[in-house]
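Written below as structure tokens is the structure these notes are about.
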Amino acid sequence: MARMRAWTLAGALLPALALVACSSGNAVNKQTSTTAAGGSGKYGYKIAVVTHGAAGDAFWSIVKAGVQKGASDMGDNVSYESDGDPQKQAQLIDAAVNQKVDGLVVSMANPDALKGSIQRAISAGIPVITINSGQDKSKEFGALTHVGSNETLAGTAVGNQLKAAGVKNVVCVIHEAGNVALEQRCAAVKAALGGTTTNLQVDNNNLPAAGSTIKAKLQADKAVDGVVTLGGQVATVAAQAITDAGSPAKLATFDLNADVAKAVQSGKILFAVDQQPYLQGYLPVVMLTLYKANLNVLGGGQPVLTGPTLVTKDNAAQIEKLAAAGTR
Amino acid sequence: MSGIAVAGDERLARVGLFRRLLVKPELGSLIGAVVIFVLFASLSDVFRSKEGVANWLDPASTLGIMAVAVALLMIGGHFDLSAGVQVATAGITSGILTTYYGMNTWLALAVSLALVLGVGFLNGYLVMRTGLPSFIITLGMFLMLQGLNLGVTKLVTNTVQVNNFDKVSGYGALHAVLASTFTIAGTPFQIAILWWILVTIAGSYLLLKTRFGNWIFAVGGDRSASTNVGVPVRRTTITLFMLTSLAAWFIGNTQIVRLTSIQAQTGIGQELIYIVAAVIGGCLLTGGYGSAIGASLGALIFGMTSQGIVYAGWDADWFKFFLGAMLLLAVLANQFVRRYAETSRR
Chain A
25 MARMRAWTLA
35 GALLPALALV
45 ACSSGNAVNK
55 QTSTTAAGGS
65 GKYGYKIAVV
75 THGAAGDAFW
85 SIVKAGVQKG
95 ASDMGDNVSY
105 ESDGDPQKQA
115 QLIDAAVNQK
125 VDGLVVSMAN
135 PDALKGSIQR
145 AISAGIPVIT
155 INSGQDKSKE
165 FGALTHVGSN
175 ETLAGTAVGN
185 QLKAAGVKNV
195 VCVIHEAGNV
205 ALEQRCAAVK
215 AALGGTTTNL
225 QVDNNNLPAA
235 GSTIKAKLQA
245 DKAVDGVVTL
255 GGQVATVAAQ
265 AITDAGSPAK
275 LATFDLNADV
285 AKAVQSGKIL
295 FAVDQQPYLQ
305 GYLPVVMLTL
315 YKANLNVLGG
325 GQPVLTGPTL
335 VTKDNAAQIE
345 KLAAAGTR
Chain B
87 MSGIAVAGDE
97 RLARVGLFRR
107 LLVKPELGSL
117 IGAVVIFVLF
127 ASLSDVFRSK
137 EGVANWLDPA
147 STLGIMAVAV
157 ALLMIGGHFD
167 LSAGVQVATA
177 GITSGILTTY
187 YGMNTWLALA
197 VSLALVLGVG
207 FLNGYLVMRT
217 GLPSFIITLG
227 MFLMLQGLNL
237 GVTKLVTNTV
247 QVNNFDKVSG
257 YGALHAVLAS
267 TFTIAGTPFQ
277 IAILWWILVT
287 IAGSYLLLKT
297 RFGNWIFAVG
307 GDRSASTNVG
317 VPVRRTTITL
327 FMLTSLAAWF
337 IGNTQIVRLT
347 SIQAQTGIGQ
357 ELIYIVAAVI
367 GGCLLTGGYG
377 SAIGASLGAL
387 IFGMTSQGIV
397 YAGWDADWFK
407 FFLGAMLLLA
417 VLANQFVRRY
427 AETSRR
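Those protein sequence lines, which keep their order, are chains A and B.
Using my numbering, the first residue of the first sequence is number 25, and each one after it goes up by one.
Using my numbering, the first residue of the second sequence is number 87, and each one after it goes up by one.
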């Protein structure tokens, strides 16, 4: 028991010690000022955002940041919920409809599973905007409009850029098995490049091992002169793998984070293509607010494209700061 | 003087060398490792080159360190489903305390160690106190830490990763210890491989040559019998959970040092892979049987298979199927060898 008490004491002392030690120059990530500008409207609409994005996913955390900024700028009362399981996502939508929200924002990774719920919302008089995926079915289901990026368009941009850089043999690294969007990206890269594209599966939750797998591929196939990653976190380990394998391969990536922006500046990554997830969260909140207040509909309900935009050496320095703040 | 003949005591019967080898828990995995090495080495010459070996030893090493700790825990009769996310918890804690709160690097490492050891203690304490299966207790811990990792990371960083760890003071020394490479015949090998070997030896020694090792087998074999003969069941179990946390701390910090950043979702799903490696290495799911070397060999099999599939140029879409089939085969072979060994012992 005496020993137990000693441990408790140590446990109590540690935080105190920790506070004493907090003054070194280690705080390299400490943000100086994040007070973002922006209005604060007083619309006060109740809007529900229901996505399929997994919690902890880099992309969806930026979408969520956009949603929250949109809500505070408009002065709306916005909830954000997500579930990767289509049936549970449908239940979340039903719950929002029951609460009689003023507007609904839905990402449709699996449109057919959500069809019933979305149509229930529309017949209850709730305007719906679809985001990110499900563009083909958006109009059919009766949504106001769709805000998203087109995977094929983005993949084509990457393929064309790589082709212009003289790349002929690409490895496309898929970090989530069975994700349709990732397969579409690789397929579009392949079509635009015209050369050889092979897909490689890696584990997103064990990045060092993912790096080893990419390195193995580069060692096994010396003809590879390009690597495309589909997420920012994978791009960082891919850059290291290319160096370690002594491969001349050029690296391009979909999606962004601060490390990717840094690597683009140093030339380790040729370019990154960003579909600006922030806009996919921010815009629908604004659009729904304007629809409720003023019956505005953008572009006659045509899909609003948020990307692709290219992050190259020219603009990477500015974007690095924004990525670190979680808005790019 | 009624002489009772004791000549036929089967416990004293001499057992041949071959059979004695067969009953070793790690033998099945050793055979599996050799088979898988030969398979991929014959399919790809890069796989058997120095660069190739360095490559597949790398994922095997970090997995192996975890697998040895998890194997000890499994021999002691318990699971830790939170082992994978504890890796992230350790890395994220070190990263946030230094790069956001400016804490001294070594102190941050100590705090993150104290934190995960606390998690391990809590796991063990709750399992002992409630008598609930460790599967349930650590499943709860797994979900809680998963949420905590993400919630805290988002709260502090606004993103889902902690980065810039290479800018903290003492990074050079940390890198040398945890993430540098050593060169054999012109090929760089990750230093984690040396740590892996060291941990395997230490784990094996602990298990086979110390009193604590005997306690582990006893507790995993029969808990109430252990209590009756005076084995400190509670202390042994809690220590085993804390050892797993210690390994997670080591791997988590290795990862943040190596990648200079760590993602909030790191380690989710890896807990099952640790268990798989331990089981391939001969650990029984019911406890009381297994080996540290076997767990390391299980990790080796996993590393060789995951990289070998790439070297062999097999279609990536089928990757998980191949992996699963390989693992299943390894476990079946293991089971077969042990059954044979146990029946032939009589």
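All residues carry an ideal CB built from backbone N, CA and C; glycine is no exception.
Computed from a predicted model, the values in this text were never measured in an experiment.
Cβ distance (whole Å) where Gly350(A) is taken to contact Ser85(A) below 8 Å: 7 Å
Given 8 Å, three or more beta-carbon pairs between the region 302-321 of chain B and the region 172-181 of chain B: no
Cross-chain neighbours of Leu236(B) in chain A, by beta carbon under 8 Å: Ala79, Gly80
Per-residue DSSP class, three states only, for Arg432(B): Since pLDDT at Arg432(B) reaches only 48, below the 50 mark, its modelled position is unreliable, and the value read off the structure follows with that caveat. The answer is coil: DSSP assigns Arg432(B) none of H, G, I, E or B.
Interface flag, Ile324(B) vs chain A, CB-CB below 8 Å: no
Inter-residue Cα distance where the pair is Ser57(A) and Gly289(B): Any reading at Ser57(A) must be qualified, since the residue scores a pLDDT of 48, below 50, and its modelled position is unreliable; the value itself is stated next. Approximately 49 Å, taken between the alpha carbons.
C-beta neighbour in chain A for Ala153(B), strict 8 Å: no
Pro327(A) versus Ile343(A): straight-line alpha-carbon distance, rounded: 26 Å
Segments assigned beta strand (DSSP E), at least 3 residues, entirely inside the region 238-284 of chain A: 250-253, 274-278
Member of Met214(B), Gly118(B), Ala385(B), Ala140(B) whose CA lies at the smallest distance from the CA of Leu149(B): Ala385(B)
Rounded Cβ spacing between Ile342(B) and Leu143(B) (contact assumed at less than 8 Å): About 21 Å; that fails the 8 Å criterion.
Which of helix, strand or coil DSSP assigns to Glu112(B): coil
Cβ of Val396(B) within 8 Å of any chain A Cβ: yes
Proximal chain A residues relative to Ala350(B), where beta-carbon distance stays under 7 Å: Gly80
Contacting positions in the region 233-256 of chain A - beta carbon closer than 7 Å to chain B: Ala233, Ser236, Thr237, Lys239, Ala240, Lys241, Gln243, Ala244
Any C-beta of chain B under 8 Å from that of Asp283(A): yes
Distance, Ile151(B) Cα to Ala347(A) Cα: 34 Å
Beta-carbon spacing of Phe228(B), Glu357(B) below 8 Å: yes
DSSP three-state assignment for Cys369(B), whether helix, strand or coil: coil
At least 3 beta-carbon pairs within less than 8 Å: the region 182-191 of chain A vs the region 214-234 of chain A: yes
Contact set for Val125(A): own chain, Cβ-Cβ below 7 Å, skip 5 residues either direction: Lys70, Ile71, Ala72, Ile150
Sheet register partners of Ile187(B) (DSSP bridge): A small correction: the amino acid at residue 187(B) is Tyr; Ile does not occupy that position in the sequence shown. In the DSSP output, where bridge partners are listed per residue, Tyr187(B) has none listed.
For His76(A) and Gly99(A), believed in contact at Cβ under 8 Å, the rounded distance: About 27 Å separates the two Cβ atoms, so there is no contact after all.
DSSP-derived helix/strand/coil call for Pro274(B): strand
Stretch pair the region 120-129 of chain B + the region 382-396 of chain B: three plus CB contacts closer than 8 Å: yes
9 Å Cβ cut-off: residues of chain B touching Lys337(A): Going along chain B, no residue has its Cβ under 9 Å from Lys337(A), so there is no contact; the nearest lies around 20 Å.
Chain-ordered chain A contacts of Glu137(B) [CB-CB under 7 Å]: Gln243
CB contact check: Ala259(A) to chain B, cutoff 8 Å: no
Test: Gln393(B) CB closer than 8 Å to a CB of chain A: yes
Selection from Gly270(A), Gln92(A), Gln111(A), Asn230(A) that minimises the alpha carbon distance to Lys246(A): Gly270(A)
Below-8 Å beta-carbon distance, Pro145(B) vs any chain A residue: yes
Where Val335(A) falls, given that 16 or more other Cβ within 10 Å makes a residue buried: buried
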